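Participant: For the sequence shown, our numbering gives the first residue as 4, with consecutive numbering after it.
Got a structure for you, questions after.
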Amino acid sequence: MQFAMTVDDVCMPGFSSEEHLGRWLDLLAELDIRATFFVVPLADKTPLANRPGYVALLRRALAEGHEVAQHGLEHDRFEVGIPPPMVLNLPHEGPARERLARERDAIEAAHSVPRIRELLANGRHLLEDAVGVRPVGFRAPCLQTCANLFTALAEEGYRYDSSFPIQEAGWDLIMGDLGVARHTITRARFEASRQDPRLISLPMTTDYTWYLAEDRYAATWEMAKSDALDCLRENVPLVPLSHVSPFFEGDGDCGERLFRELVAFTRDAAASVGQTCEFIPLAEVKV
4 MQFAMTVDDV CMPGFSSEEH LGRWLDLLAE LDIRATFFVV PLADKTPLAN
54 RPGYVALLRR ALAEGHEVAQ HGLEHDRFEV GIPPPMVLNL PHEGPARERL
104 ARERDAIEAA HSVPRIRELL ANGRHLLEDA VGVRPVGFRA PCLQTCANLF
154 TALAEEGYRY DSSFPIQEAG WDLIMGDLGV ARHTITRARF EASRQDPRLI
204 SLPMTTDYTW YLAEDRYAAT WEMAKSDALD CLRENVPLVP LSHVSPFFEG
254 DGDCGERLFR ELVAFTRDAA ASVGQTCEFI PLAEVKV
């Protein structure tokens, strides 16, 4: 079984800090897990190379076997597509909803292949300049997509995209719907996410730890366990999504506690059927 932990919004003001990124690296080192960090190359209009604290932490991440991948350019809500409703419906996305209602035609017109290719290349160069590694993977900010994004990714030479969720019900839990019906994860749903034959699609599972609170913990834990068992049965990689700071900023240690329990549960579940569980970056996932 393949467990590919992913951490989004590295460098993004309000959702990332150097302290929390360092805590992530310490936690992953303790658990002997390698992960993928999706980095915003021009967060707050500042090139990554001009953030020495983050550069040092990301170089440490690379030295410890983690992957650094690309998360848009500036993390604008509509850089390369339009986010799905489950994201736009989150409380903090009110300004994005209003902008989309006013400017949808102009937003969609901006998503041409040449313009997306330019944005991708700019972000990739900023990452490469800062940490010395060319990113091979991409996840769109706020899970925004359009058909031209996948064409542009393939033409720019990216190996994989991880912008599709495969357990959308996780966002209903974030919104407090504790009785939401979970989607069954199947191999067919996993394979249906592929948009361009030149590009590997590695859809994320869901975000279990977004400001996780005690009143959501039990329902979230049941979903996480069921998702892990689905992935084991269907030979689908488990790709949890977390964010640098929201992971640590829920109630107490809820985020870290759930992650530790999910790691142990998945390892034991794989062992129960004679398998091992590999904790690897997305770039090493085999599909």
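C-beta atoms are modelled at their ideal positions from N, C-alpha and C, and glycine is treated no differently.
As the structure is a computational prediction, the values presented were derived from the model and not from experiment.
Under DSSP, the alpha helix (DSSP H) around Leu129 begins and ends at which residues?
Facilitator: In the sequence shown, the residue the question calls residue 129 occupies position 126. Unbroken alpha helix (DSSP H) run through Leu129: Val116 to Val134.
Participant: So which of Leu61, Ala143, Tyr211 and Glu77 has the shortest CA-CA distance to Glu70?
Facilitator: Translated into the one-based positions of the sequence shown, residue 70 becomes position 67. Ranking the options by Cα distance to Glu70, first place goes to Leu61.
Participant: Among Arg142, Ala46 and Glu67, whose alpha-carbon lies nearest the alpha-carbon of Leu31?
Facilitator: Translated into positions along the sequence shown, residue 31 becomes position 28. Here the closest residue by C-alpha is Glu67.
Participant: Tell me which same chain residues have a C-beta within less than 8 Å of the C-beta of Thr187, skipping the five on either side of it?
Facilitator: Taking the first residue of the sequence shown as 1, we reach residue 187 at position 184. Excluding residues within five positions, the ones whose Cβ falls inside 8 Å are Asp233.
Participant: Leaving aside the five residues before and after Pro88 along the sequence, list all residues of the same chain whose C-beta is less than 7 Å from its C-beta, in chain order.
Facilitator: Within the sequence shown, numbered from 1, the residue matching residue 88 stands at position 85. There are no such residues.
Participant: In angstroms with no decimal places, state the Cα-to-Cα distance between Arg26 and Pro249.
Facilitator: By 1-based counting over the sequence shown, the position of residue 26 is 23. By 1-based counting over the sequence shown, the position of residue 249 is 246. Cα-Cα distance, rounded: 12 Å.
Participant: Over what stretch of residues does the alpha helix (DSSP H) that includes Glu33 continue unbroken?
Facilitator: On the sequence shown, position 30 is the one that residue 33 refers to. Start and end: Glu21 to Leu34.
Participant: Do Ser245 and Thr212 have their C-beta atoms closer together than 7 Å?
Facilitator: Taking the first residue of the sequence shown as position 1, residue 245 is located at position 242. Taking the first residue of the sequence shown as position 1, residue 212 is located at position 209. Going by C-beta atoms, Ser245 is nearer than 7 Å to Thr212.
Participant: Where does Leu156 land, buried or exposed, given buried means 16+ other C-beta within 10 angstroms?
Facilitator: Within the sequence shown, residue 156 is the residue found at index 153, counting from 1. Buried, since its Cβ has 16 or more Cβ neighbours within 10 Å.
Participant: How would you call Leu215, buried or exposed, if buried means at least 16 neighbouring beta carbons within 10 angstroms?
Facilitator: Against the sequence shown, residue 215 aligns to sequence position 212. Label assigned to Leu215: buried.
Participant: Tell me which residues share the same chain as Pro86 and place their Cβ nearer than 6 Å to its Cβ, disregarding the 5 neighbours each side in the sequence.
Facilitator: The sequence position of residue 86 within the sequence shown is 83, counting from 1. The answer, listed in chain order, is Cys145, Leu146 and Gln147.
Participant: Specify the secondary structure class of Val266 as computed by DSSP and reduced to three states.
Facilitator: Mapped onto the sequence shown, residue 266 falls at position 263. If DSSP states are grouped into helix, strand and coil, Val266 belongs with the helices.
Participant: If contacts are defined as beta-carbon pairs under 8 Å, then Phe282 and Arg63 qualify, I think. What distance do you get, rounded to the angstrom?
Facilitator: For this step, residue 282 is matched to residue 279 along the sequence shown. For this step, residue 63 is matched to residue 60 along the sequence shown. No, Phe282 and Arg63 are not in contact; Cβ-Cβ is about 18 Å, not under 8 Å.
Participant: Indicate the three-state DSSP secondary structure (helix, strand or coil) for Ser165 in the structure shown.
Facilitator: Here residue 165 is taken as the residue at index 162 of the sequence shown, counted from 1. Coil, per DSSP.
Participant: Using only the alpha-carbon positions, how far apart do Met226 and Arg263 sit?
Facilitator: Translated into positions along the sequence shown, residue 226 becomes position 223. Translated into positions along the sequence shown, residue 263 becomes position 260. Approximately 15 Å between the Cα atoms of the pair.
Participant: I need the DSSP call for Val276, collapsed to helix, strand or coil.
Facilitator: Residue numbering aside, residue 276 sits at position 273 when the sequence shown is read from its first letter. Val276: coil per DSSP, three-state reduction.
Participant: So the candidates are Gly255, Ala124, Gly75 and Phe268; which of them puts its Cα closest to the Cα of Gly160?
Facilitator: The residue you call residue 160 lines up with position 157 of the sequence shown. Considering only alpha carbons, the answer is Ala124.
Participant: Thinking C-beta only, is Ile119 closer than 7 Å to Leu152?
Facilitator: Mapped onto the sequence shown, residue 152 falls at position 149. Mapped onto the sequence shown, residue 119 falls at position 116. For Leu152 and Ile119, yes; Cβs fall inside 7 Å.
Participant: Examine the Cβ distances between the region 258-278 and the region 234-244 and report whether three or more of them are shorter than 8 Å.
Facilitator: Verdict: yes, contact present.
Participant: With a threshold of 8 Å, are at least 3 pairs of Cβ atoms found where one atom belongs to the region 175-183 and the other to the region 134-141?
Facilitator: Flag = no, the region 175-183 and the region 134-141 do not touch.
Participant: What do you get for Gln5, buried or exposed, if any count of 16 or more other CB atoms within 10 angstroms of its CB means buried?
Facilitator: Residue numbering aside, residue 5 sits at position 2 when the sequence shown is read from its first letter. Classification of Gln5: buried, given that the 10 Å Cβ count is 16 or more.
Participant: Where in the region 51-107 do unbroken runs of the beta strand (DSSP E), each at least 3 residues long, occur, reported from the N-terminal end onward?
Facilitator: Counting whole runs of 3 or more residues, the region 51-107 contains the beta strand (DSSP E) stretches 70-73.
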